[in-house]
Structure formats: structure tokens, C-alpha cells
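Counting from 1, one number per residue, gives the positions in the sequence shown under the working numbering.
For every residue, glycine included, the Cβ atom is placed at its ideal position computed from N, Cα and C.
Taking it in order: structure first as C-alpha cells, then the write-up.
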Amino acid sequence: MNDFKLKKPFRHFLDLAALKPDEAREIIDKAKILKTTATEKGHGKGFIHPDRPLADKSLAMVFEKPSTRTRVSFEMSIHQLGGTAIVLQGNDMQLGRGETVSDTAQVLSGFVDAVMLRADSHESLLEMSENAKVPVINALTDFSHPCQVMADVLTFEEHRGPIKGKKIAWSGDGNNVAVSWIHAAVLFDCELVLACPKEFCPPTQVLEWAKNNGGKVTLTHDPDQAALGADCIITDTWISMGDTDADERIAILAPYQVNKKLMRGAKDDSLFMHCLPAHRGEEVTDEVIDGPHSVIWDEAENRLHIQKSILLWCFGK
Ligand code: CP
Ligand code: NVA
1 MNDFKLKKPF RHFLDLAALK PDEAREIIDK AKILKTTATE KGHGKGFIHP
51 DRPLADKSLA MVFEKPSTRT RVSFEMSIHQ LGGTAIVLQG NDMQLGRGET
101 VSDTAQVLSG FVDAVMLRAD SHESLLEMSE NAKVPVINAL TDFSHPCQVM
151 ADVLTFEEHR GPIKGKKIAW SGDGNNVAVS WIHAAVLFDC ELVLACPKEF
201 CPPTQVLEWA KNNGGKVTLT HDPDQAALGA DCIITDTWIS MGDTDADERI
251 AILAPYQVNK KLMRGAKDDS LFMHCLPAHR GEEVTDEVID GPHSVIWDEA
301 ENRLHIQKSI LLWCFGK
């Protein structure tokens, strides 16, 4: 029996829907502390957490899709916590030549202490988690992007205090990031109004899940209605990695652009967030993304701090 590397207890980080509200809160609050520690030390490129809490840990980072923020923030996170990372492109691995995800999971479990996966399909992530003997982290799939939305919640709270009871508006494609925001609205007890065209709504079962779990999540086709009185307006690219119908998407999603007119409906001190990369002039105008409401650079940097907290949570630290 090949269980010599069984390293339980550990926790997978697959989706926010699988977390309890107090676990999600613990991750956010620890990220705030980790950020303070790093900032106090100047968090220069050589920063290493004084306790080196992951000194004996290694992370395999597997990418089936491109990445800038996720790749750099995870690699720097484990490094700054005292551990090491190996970055693997799916196409350079035997995975790209047909080795199964489950066999890959078994093999990686013998070499490293955790696996981070950015997968083309959510099924691959689940297959990895079912067969790995180490924690598996969702670094984006076609279904969800939980690490991103945890960084978004952290960013919101840094600027505006507790997110509980606040109104968050989403305008655009009901994509993977929108799905994780629906999960987050339930976990953190905020109101979420999503404005999406009927062609690109979030999956019905996710909206049902929110309803069944007491979430204040509503769907509209009217971006002005979503933005009205919002504490934060969020959007994302209209063409996610793997989408092939670009022309159709641009035409259908055009009325959902976040521009100055849409922002005017929100609160005067409303934030603007975008996970990046942005397609300026499509889902958001330069005026908004570079304007006074935008917190996109803090949001990107916070990927580093939240990633550390997620890694520690996975290892039960
Ligand atoms: N927001 C985000 O996940 O960015 P990358 O695709 O660059 O990792
Ligand atoms: N929805 C986007 C997010 C990129 C970070 C995508 O999946 O491409």
C-alpha cells in the first residue's frame, strides 16, 4: 500500500463553498497579521517570516493556463514562509501527453507537501484532490477562483472595514470569479447583486446553493440596478482563458461595462475592484480602473498575503 507519504491532517482549499464562515474569517484575519509582519519588515524581496512556519514544506505549482499574479504570489508566499516551490507547466509535464491527473496526484504526493493547480477543468482539480495525499489548492478553474476572492475580501476590509452587510455589485460575465464571489457573499454575510446578460449568467446551481444557505445574492440584467448604492463594484474580463466566442461575448457584454456613468450610481466612496488582467476599454474604462475608486493594485498585492494564510490553513498551522 503506497501510503508512506500520508501526511494527514491537512485540508484542501478547493472552493469557498466548502469552508465554514469561521474558517474563512480565520484565513482573512491571519492574512492581515501576515501582511503587517511583512510590511513592518519592509517586505523587501529578501523578506522571510521570522518564524519560517513552512520551513520543511514544498509546493508543486501546476499550471494548465497562463498566470502572472497567481504564479508569482504563490512562489513568493511559500518562499517567505521558509518553504520551497516548483513551478510546472502542464504542457511540459507528462500530464500534457495523457498521463492521468490521478496518477500525477499520486506521484506528486511522493515528492512535495502540497499541490497548487490551475486547471482547465474543475473536474481535474477534484480528481487531483481525491487522489493526492497532500493538500491541493485551487488556483483557478473554469468554475471558480477562490484564492482571488479571498484577496478581494481582504482588500475590501482594508479600505472599508468589515464586509458584513455591505453591498457588492458585479457587472459583466457570470464567470469563475463571479462564482467565488457568490460563495463569499454567503460566507461573509454581505449582499451581492450580479448584473449579467441572460447568455452569461452564473450557474443556476450556484445561485440555488446561495439561496439555500441564506445568502443575500440576487441576479439582474440591469447594471444600474446592481450598482445603485453599492459599496464596491467589481468586474472581470469578458473573455476568460478557454473562451472561444470572443466577438459574441464583446457584443453581448458591452452594456455591462464599468464606466464613470455606472460608478455614479454607487456610493460616493464606492471601491472598484478587478482581479486582473484587465482588457481596458472593454469591461472597464481607463477612467475607472485608474481613477480614485480603484484599489486594483492593493488587490493584486493582497494575493501574496492571502496565499500565505491559505497555505498555513492547509497545513493546519
Ligand atoms: N488574477 C489572477 O489570477 O491573475 P493571473 O491569471 O495573472 O494569475
Ligand atoms: N475569469 C478570468 C480570470 C483570470 C484571472 C479567466 O478565467 O481567465
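Legend entry - CA-to-CA distance, S309 to L54, given in whole angstroms: Residue 54 sits at position 54 when you count from the first residue of the sequence shown. Residue 309 sits at position 309 when you count from the first residue of the sequence shown. Between L54 and S309, the alpha-carbon positions lie close to 11 Å from each other.
Legend entry - Q225 beta carbon less than 8 Å from that of S73: The sequence position of residue 73 within the sequence shown is 73, counting from 1. The sequence position of residue 225 within the sequence shown is 225, counting from 1. Inclusion of S73 and Q225 in the CB contact set at 8 Å is not warranted, their separation being larger than that value.
Legend entry - Chain-order list of residues whose beta-carbon lies under 7 Å from that of W297 (same chain, five-residue window excluded): Position 297 of the sequence shown, counted from the first residue, corresponds to residue 297. There are no such residues.
Inset, instruction - Can you give me the Cβ contacts of N302 inside the same chain, cut-off strictly under 6 Å, excluding the 5 residues immediately before and after it? - result: By 1-based counting over the sequence shown, the position of residue 302 is 302. The beta carbon of N302 sits closer than 6 Å to those of A151, L154, T155, all from its chain and outside the five residues before and after it, given in chain order.
Legend entry - One or two residues paired with R280 in a DSSP bridge: As a position in the sequence shown, residue 280 is number 280, starting the count at 1. Per DSSP, V284.
Legend entry - beta strand (DSSP E) segment containing M273, residue limits: As a first step, residue 273 must be located in the sequence shown, where it is residue number 273. From DSSP, the beta strand (DSSP E) with M273 extends over 271-274.
Inset, instruction - Would you check if the stretch 136-152 and the stretch 114-121 touch, i.e. whether three or more CB-CB distances between them fall below 8 Å? - result: Result yes; three or more Cβ-Cβ pairs closer than 8 Å.
Legend entry - Sequence-distant residues of its chain with Cβ nearer than 7 Å to L6 (five each side left out): For this step, residue 6 is matched to residue 6 along the sequence shown. Note on L6: pLDDT 43, under 50, position unreliable in the model; the coordinate value appears next. K133, listed in sequence order.
Legend entry - Residue span of the alpha helix (DSSP H) that contains N138, given as start and end: By 1-based counting over the sequence shown, the position of residue 138 is 138. Where N138 is concerned, there is no enclosing alpha helix (DSSP H), although the beta strand (DSSP E) it sits in stretches over 136-138.
Legend entry - Assigned exposure category for I234 - 16 Cβ within 10 Å defines buried: On the sequence shown, position 234 is the one that residue 234 refers to. Around the beta carbon of I234, 16 or more other beta carbons sit within 10 angstroms, so the residue counts as buried.
Legend entry - Cβ-based burial, R69 [other Cβ within 10 Å; buried from 16]: Here residue 69 corresponds to residue number 69 of the sequence shown, with the count starting at 1. Using a 10 angstroms sphere on the CB of R69, the tally of other CB atoms reaches 16 or more, which defines it as buried.
Legend entry - Cβ neighbours of N2 in the same chain (closer than 6 Å, five flanking residues each side left out): Reading the sequence shown from its first residue, position 2 is the one you call residue 2. Only weak support exists for where N2 lies, its pLDDT of 38 falling under 50; the value from the coordinates is given anyway. Within the same chain, and ignoring the five residues on either side of N2 in sequence, no residue has its Cβ closer than 6 Å to its Cβ.
Legend entry - Contact check, K57 vs I78, beta carbons under 8 Å: Your numbering for residue 57 matches position 57 in the sequence shown. Your numbering for residue 78 matches position 78 in the sequence shown. Going by C-beta atoms, K57 is nearer than 8 Å to I78.
Legend entry - Separation of D290 from M241, as counted between CA atoms: Stepping through the sequence shown from its first residue, residue 241 is reached at position 241. Stepping through the sequence shown from its first residue, residue 290 is reached at position 290. Near 24 Å, if we compare the C-alpha coordinates of D290 and M241.
Legend entry - Straight-line gap, N212 to V186 (C-alpha atoms, nearest Å): On the sequence shown, residue 212 is found 212 positions in, with the first residue counted as 1. On the sequence shown, residue 186 is found 186 positions in, with the first residue counted as 1. Taking the straight line joining both Cα atoms gives about 10 Å.
Inset, instruction - Hey, could you find the ends of the alpha helix (DSSP H) R264 is sitting in? - result: Position 264 of the sequence shown, counted from the start, is the residue given in the question as residue 264. Start and end: 260-265.
Legend entry - Nearest candidate by alpha-carbon position, reference E157, set S180, D286, H12, A31: By 1-based counting over the sequence shown, the position of residue 157 is 157. Taking the Cα of E157 as reference, the smallest distance to any Cα among S180, D286, H12, A31 is reached at A31.
Inset, instruction - Identify whether F47 lies in helix, strand or coil by the three-state DSSP scheme. - result: The sequence position of residue 47 within the sequence shown is 47, counting from 1. Coil.
Inset, instruction - Verify whether the separation of the beta carbon atoms of L14 and S129 is less than 8 Å. - result: Walking along the sequence shown from the start, residue 14 turns up at place 14. Walking along the sequence shown from the start, residue 129 turns up at place 129. Their beta carbons are under 8 Å apart, which means L14 touches S129 by this criterion.
Inset, instruction - Go to L311, then tell me how far its alpha helix (DSSP H) extends in each direction, as first and last residue. - result: As a position in the sequence shown, residue 311 is number 311, starting the count at 1. Segment 296-314, the alpha helix (DSSP H) holding L311.
Inset, instruction - Work out the CA separation of G172 and L253 for me, nearest whole Å. - result: On the sequence shown, residue 253 is found 253 positions in, with the first residue counted as 1. On the sequence shown, residue 172 is found 172 positions in, with the first residue counted as 1. Whole-angstrom Cα-Cα distance: 6 Å.
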